[in-house]
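Just so you know, the sequence shown maps onto residues 22 to 188 in my numbering. Note that beta-carbon positions come from the ideal geometry of N, C-alpha and C, so glycine has one too.
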Amino acid sequence: MLLLPHVLSSNSRPLYHISVSNDCFRPQIYTTTIRRGTEQGQVIAEIQRSILHDDGYRGTVEYRGSIRPKMAYLDEVHFQIGVHERMRFEWRFNKDMPLVWKLNCSGKKVISVQCTQSRDIFATFIPSKKKGELQTLDITSKGRPYMDDIVVSCLATEGRRTTKFDR
């Protein structure tokens, strides 16, 4: 999957390349790899988690883009707060800069998911409503310095929100 700039942007090159693979020895475990630019780009982060909620696997996230790679268990940096209509996910990989993803719902249908920090909106994710429809991640100017964290936390949040893990 590619994360592309806005259609009206003068630069049409991919911002991120996102791929998913299974562990051949433990097929319930999958890894989401986020690279800068293309398939050959620098690996920014990897999220590893199980599709089963009762197998004891905690899941990990590893940032590799920095000089010192950092790794943490998902359940220590990604928290669900509330129930479906008021559900929020808090991302605390960087303890000085927590991000909160808030669901905006119409009944039981998710319309959008907003990423905030304090009172500022950093990004809005709009999930696809129909098969074949593109999903949209709009990052505001205030969120641009935190793009890597926004993309990684969005993928972790959507992975939890769209699987039976937290239901």
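- For the beta strand (DSSP E) holding Glu-60, just list the boundary residues, first then last. Per DSSP, Glu-60 belongs to no beta strand (DSSP E) and is neither H nor E.
Tell me which residues share the same chain as Ser-42 and place their Cβ nearer than 6 Å to its Cβ, disregarding the 5 neighbours each side in the sequence. Excluding residues up to 5 positions away in sequence, Thr-52 lie with their Cβ nearer than 6 Å to the Cβ of Ser-42 in the same chain.
Cα separation between Thr-81 and Cys-136?
Each residue's Cα considered, the two are about 21 Å apart.
Return the chain-ordered list of same chain residues with a C-beta closer than 6 Å to the C-beta of Tyr-78, the five sequence neighbours on each side being excluded.
Ser-71.
Quiz prompt | CB contact flag (Ala-177, Leu-120, <8 Å) | solution = Result no, Cβ atoms of Ala-177 and Leu-120 do not sit closer than 8 Å.
Check: From what residue to what residue does the beta strand (DSSP E) around Glu-83 run?
Finding: Residues 81-84.
In chain order, what residues of the same chain have a beta carbon less than 7 Å from the beta carbon of Gln-49, not counting five sequence neighbours either side? In its chain, beyond the 5 residues on either side, Ser-71, Ile-72, Leu-73, Asp-76 have a beta carbon closer than 7 Å to the beta carbon of Gln-49.
Smallest Cα separation from Pro-26: which of Thr-161, Ile-132, Arg-181, Lys-130? A check of alpha carbon separations from Pro-26 across Thr-161, Ile-132, Arg-181, Lys-130 identifies Thr-161 as the nearest.
query: What's the gap between the Cα of Pro-148 and the Cα of Glu-179?
result: Cα to Cα, Pro-148 sits roughly 9 Å from Glu-179.
The alpha helix (DSSP H) that contains Met-168, what's its start and end? Boundaries of the alpha helix (DSSP H) around Met-168: 168-182.
Opposite Phe-110 in the DSSP bridges: which residues? Beta-bridge pairing links Phe-110 to Gln-101, Trp-122.
DSSP three-state assignment for Asp-117, whether helix, strand or coil: Asp-117 falls in the coil class under three-state DSSP.
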